[in-house]
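Please read the structure below before turning to the comments.
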């Protein structure tokens, strides 16, 4: 069931276009991440859905009903604010029941519902605490309980985890996802953090300058970015720029700066040959052992010199200089193996299918 | 290990506080003492005889009583109007962030910087120009103007730190603008609003300079009555009148405390999370 639809929504502030021709749909129970740098229009999109702003053009539809002109309290939206926005003069229970009271929920059932919500977010017995007596993570869970209590049609999360420290963020990410799926909430997560977007979202929309750059499943966005912007925004990448030539069997040859020649996967849309950027993810590059190409599939192989090694616990980050002077980032899982040191000469290999081609300068 | 100069500084600050206390408290103590003086003539402090004759004199003097009732009515009206206007103005200023915000704020508190005699005289001319000659109406107008800056300032101070997202959270949970104001903004700004109202009441009860220009023979405030009595027949009734004025202000605060509780009225401190 299509719960939310944005259809060619555009929002202008004077001459500035904050959101331009944005269209997407969200199904019941689905989690959609809106990902982008600050100022990309994701927060404005959130405000269009919640009703704090109205679109200049296009429409916002809840289950097929146009929301134009409806104030936030005339829509049934659950909002989780980045700063939680808990009412400091109310207790936890009063905070959670606020929406129920304002939306004229059956008075006798309110305490039951509040207990149910507090149990859901694992805060049983916190009813009479004040927000300033809670930790950041607890405040966030109260805010979530408050947002979900009225059983909203759409749940909007604004940077839900960014105010928490890294360790708590990892724990709460899974918990948040579990809670949202327990109530089968149709959710939109707005974030600038790609890990948050990819771990929470069933689907991810990358935005830039008010427009949608790409939409897809997290794995698809990561493995097959359509533009350099998307590739750079999601994950780390090594870049080669050059001319594409001799496309055969979905594999083309790239002649890059510094005399580097490499084989790359042709994009399905098979662009014309010419200038392109090629992205290789750091974990797809292998160091050391020469991997023999199987059959007639070509393999990219280069000599390089290790310039730096950083051991980050589970990961090794290596900086490798290749002929022509370009520095490549390579990551490896650290599972106790012996690893290379700075100054060492190595050979690096990567498959053509791990080389993603995007239009130059996109 | 404290140095000699630190010890000296400590002693200086103790002496400083002591001197200040003496200057604050002694005149009031003397005045209260003198208001119970039983002597016929103006004698020295402490009084050698005790009586309540100056209070009897005060409460049997129609001139003073009229001043007192005018002052009380005036203070209540000025406080209500100026608090309502001040809260509205502060809310608008708090939400507005365009050009001229600073200028507007300065304009709203300008009665604080303009000398009271200037305000009084200007108002007298203004009221004459627009044809208002009723003394009480003029006093109401004048007292709203002199108390307004306090209600604006204290409300603004109370609104600072109430994040916009709190109102938005209330609205996303089903409250309309009016409900969001009463459920969230008002309780959080209450400390500032009530402080403003108390200031407004106190300053209205206390004002002489502006009121002097705006009184008419049948509409005058208690402080104005005291000033004019001091010129014509100076006796200790004035001390009794001053004590009565003080008692009214204290009583107001006590009644507030008994009925709603000061804690609840001004909030348990300022909420900042």
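Chains as they are written, first to last, in the working numbering: chain U, 825 to 1186; chain G, 2 to 274. Glycine is no exception: its CB is placed at the ideal position from the N, C-alpha and C atoms.
| Query | Result |
| --- | --- |
| In whole angstroms, give me the CA-to-CA distance for residue 1164/U and residue 1170/U. | 8 angstroms |
| Quick check: the Cα distance between residue 1020/U and residue 93/G, rounded to an integer number of angstroms? | 38 angstroms |
| Is residue 243/G near residue 32/G, with beta carbons less than 8 angstroms apart? | yes |
| Check the Cβ of residue 997/U against every Cβ in chain G and list those closer than 7 angstroms, keeping chain order. | Per Cβ cutoff of 7 angstroms: no residues; residue 997/U is ~22 angstroms from chain G at best. |
| Helix, strand or coil: which one does DSSP assign to residue 1124/U? | strand |
| So within the region 872 to 956 of chain U, which uninterrupted alpha helix (DSSP H) runs reach at least 4 residues, ignoring any that extend past its ends? | 916 to 926, 934 to 944 |
| Is residue 152/G near the ligand FAD, in the sense that its beta carbon is under 7 angstroms from a heavy atom of that ligand? | In terms of ligand content, the structure shown is empty, and the ligand FAD therefore cannot be addressed. |
| List, in order along the chain, the chain G residues whose C-beta lies closer than 7 angstroms to that of residue 923/U? | 174, 175 |
| Assuming residue 8/G is part of the alpha helix (DSSP H), what are its boundary residues? | 5 to 36 |
| For my contact list, residue 153/G and residue 202/G are in at a C-beta cut-off of 8 angstroms; report their separation, rounded to the angstrom. | Not quite, the Cβ-Cβ distance comes to about 16 angstroms (not below 8 angstroms), so this is no contact. |
| Which same chain residues end up closer than 8 angstroms to residue 140/G when comparing Cβ atoms and leaving out the 5 residues on each side of it in sequence? | 71, 75, 212, 215, 216, 220, 222 |
| Which residues bound the beta strand (DSSP E) around residue 1010/U? | That residue, residue 1010/U, is in no beta strand (DSSP E); it is neither H nor E in DSSP. |
| According to DSSP, which residues form a beta bridge with residue 1077/U? | 1069/U, 1087/U |
| Hey, quick one: how far does the beta strand (DSSP E) through residue 834/U stretch, first residue to last? | 826 to 837 |
| Please name the residue, chosen from 1152/U, 873/U, 1136/U, that lies closest to residue 1143/U on a Cα-to-Cα basis. | 1152/U |
| Three-state secondary structure (DSSP) at residue 270/G? | Note that residue 270/G scores 49 on pLDDT, short of 50, meaning its location in the model is unreliable and no value can be drawn from it. |
| Note down, in chain order, every chain U residue with its Cβ under 7 angstroms from the Cβ of residue 188/G. | 913 |
| Quick one: residues in its chain with C-beta nearer than 7 angstroms to the C-beta of residue 877/U, no 5 flanking neighbours on either side, listed in chain order? | 835, 868, 871 |
| Please classify residue 952/U as buried or exposed, where buried requires at least 16 other C-beta atoms within 10 Å of its C-beta. | exposed |
| Determine the direct distance from the alpha carbon of residue 78/G to that of residue 114/G, and round the result to whole angstroms. | 23 angstroms |
| Within 10 angstroms of the Cβ of residue 963/U, are there 16 or more other Cβ atoms? Answer buried if so, exposed if not. | buried |
| For residue 945/U and residue 169/G, what's the separation of their Cα atoms in angstroms? | 23 angstroms |
| If you check the beta carbons only, do residue 176/G and residue 926/U fall under 8 angstroms apart? | yes |
| In terms of residues, what are the limits of the alpha helix (DSSP H) holding residue 1145/U? | Careful: residue 1145/U lies outside any alpha helix (DSSP H), inside the beta strand (DSSP E) at 1139 to 1145. |
| Does DSSP classify residue 222/G as helix, strand or coil? | coil |
| Among residues of its own chain, excluding the 5 on either side of residue 1035/U, which ones have a beta-carbon nearer than 6 angstroms to its beta-carbon? | 844 |
| Rounded to whole angstroms, what's the CA-CA distance from residue 104/G to residue 1013/U? Just pull it up for me. | 41 angstroms |
| Please list the partners that residue 164/G has in chain U, where partner means a Cβ-to-Cβ separation under 8 angstroms. | 907, 909 |
| Applying a beta-carbon distance threshold of less than 9 angstroms, which residues of chain G neighbour residue 1015/U? | Simply none; closest approach about 17 angstroms. |
| Do residue 207/G and residue 224/G have their CB atoms nearer than 8 angstroms? | yes |
| Thinking C-beta only, is residue 1010/U closer than 8 angstroms to residue 853/U? | yes |
| Report the residue from 1103/U, 897/U, 913/U whose alpha carbon sits nearest the alpha carbon of residue 163/G. | 913/U |
| Given a limit of 8 angstroms on CB to CB distance, which residues of the region 894 to 905 of chain U reach chain G? | 895, 896, 897, 901, 902, 903, 905 |
| Which chain U residues sit within Cβ distance under 7 angstroms of residue 167/G? | 909, 911 |
| I need the straight-line Cα distance from residue 910/U to residue 35/G, nearest angstrom please. | 55 angstroms |
| If you draw a straight line from the C-alpha of residue 1062/U to the C-alpha of residue 924/U, how long is it? | 51 angstroms |
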